[in-house]
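Numbering (our numbering), first residue to last: 49 to 226.
First the structure, in the form of structure tokens, and then the observations on it.
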């Protein structure tokens with residue numbers, strides 16, 4: 049776990065420090081992730097973070113291995129609806145989506161577009177392809193899972209065990225609409 053990675057928003061005002069490697073790198077094709085990414089891409093100055101086949105790529109890190117080192121004041125939450133259990137966190141300095149957090153989760157899904165291309169972690173699976181009307185056009189370079197599989201849940205459990213079953217709270221003040 050000695051490796052430390054520094055990534056940040058498009059303008060550089062908001063920076064994260066990641067300790068160790070992600071416990072999972074995946075591309076999600078669920079309706080929620082695709083809808084949120086499409087709405088966030090419409091923010092002024094924002095870029096589309098979806099792949100060419102509409103997946104949202106992210107690296108999952110235990111919360112205790114992610115530190116916001118600058119720009120915390122710029123981080124705001126976006127929810128698809130007021131009662132949505134998932135919040136996407138955006139650096140409002142430049143409207144860069146930074147990560148996703150599920151309610152009660154012990155991990156953060158850090159969006160892969162924050163890494164330079166050469167250093168970007170490689171996804172090991174695509175999930176929720178069953179939400180697509182037609183998944184036949186997906187590349188076959190990694191497994192294309194209709195839902196989440198046993199391995200996916202075991203990685204989440206392993207990360208939670210590694211944290212001593214803790215779930216640190218991340219205080220994000222303010223919300224945005226997109």
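Virtual Cβ for every residue (Gly too), placed ideally from N, Cα, C.
Small disclaimer: the values here were computed from a predicted structure and weren't measured.
- Item | Distance CB(residue 114)-CB(residue 124) smaller than 9 Å | For the purposes of this step, residue 114 is taken as residue 66 along the chain shown, with counting starting at 1. For the purposes of this step, residue 124 is taken as residue 76 along the chain shown, with counting starting at 1. Their beta carbons are not under 9 Å apart, which means residue 114 does not touch residue 124 by this criterion.
- residue 178 (DSSP reduced to helix, strand or coil): Looking up residue 178 in the chain shown gives position 130. Reduced to three states, the DSSP call for residue 178 is helix.
- Message: Can you tell me whether residue 173 is buried or exposed? The criterion is at least 16 other CB atoms within 10 Å of its CB, across all chains shown.
- Response: The residue given as residue 173 occupies position 125 in the chain shown. Buried, since its Cβ has 16 or more Cβ neighbours within 10 Å.
- Cβ-Cβ separation, residue 77 to residue 175 (assumed contact under 8 Å), whole Å: Reading the chain shown from its first residue, position 127 is the one you call residue 175. Reading the chain shown from its first residue, position 29 is the one you call residue 77. The pair is a contact, with the Cβ atoms about 7 Å apart (cut-off 8 Å).
- Identify the residues that DSSP records as bridge partners of residue 155: which are they? The sequence position of residue 155 within the chain shown is 107, counting from 1. Within the DSSP secondary-structure output, residue 155 pairs in a beta bridge with 110.
- Task: With residue 203 as the anchor, note down where its alpha helix (DSSP H) starts and where it stops.
- Result: The residue you call residue 203 lines up with position 155 of the chain shown. 198 to 210 is the span of the alpha helix (DSSP H), which, as asked, contains residue 203.
- Item | Own chain, CB closer than 7 Å to residue 210, minus 5 neighbours either side, in chain order | Position 162 of the chain shown, counted from the first residue, corresponds to residue 210. Same-chain partners within the cutoff: 110.
- Cβ shell of residue 127 (< 6 Å), same chain only, five flanking positions each side left out: The residue given as residue 127 occupies position 79 in the chain shown. Cβ within range, chain order: 135.
- Any idea if residue 223 is buried or exposed, counting beta-carbon neighbours within 10 angstroms, 16 or more meaning buried? Walking along the chain shown from the start, residue 223 turns up at place 175. Classified as exposed, residue 223 has fewer than 16 neighbouring CB atoms from the shown chains inside 10 Å of its CB.
- Query: Using DSSP with H/G/I as helix, E/B as strand and the rest coil, what is residue 192?
  - Reply: Numbered from its first residue, the chain shown carries residue 192 at position 144. Of the three classes helix, strand and coil, the one that applies to residue 192 here is strand, per DSSP.
- Task: Taking only runs that begin and end inside the segment 65 to 89, name each unbroken beta strand (DSSP E) of 3 or more residues, in chain order.
- Result: Listed in chain order, the beta strand (DSSP E) runs fully inside the segment 65 to 89 are 72 to 76, counting runs of at least 3 residues.
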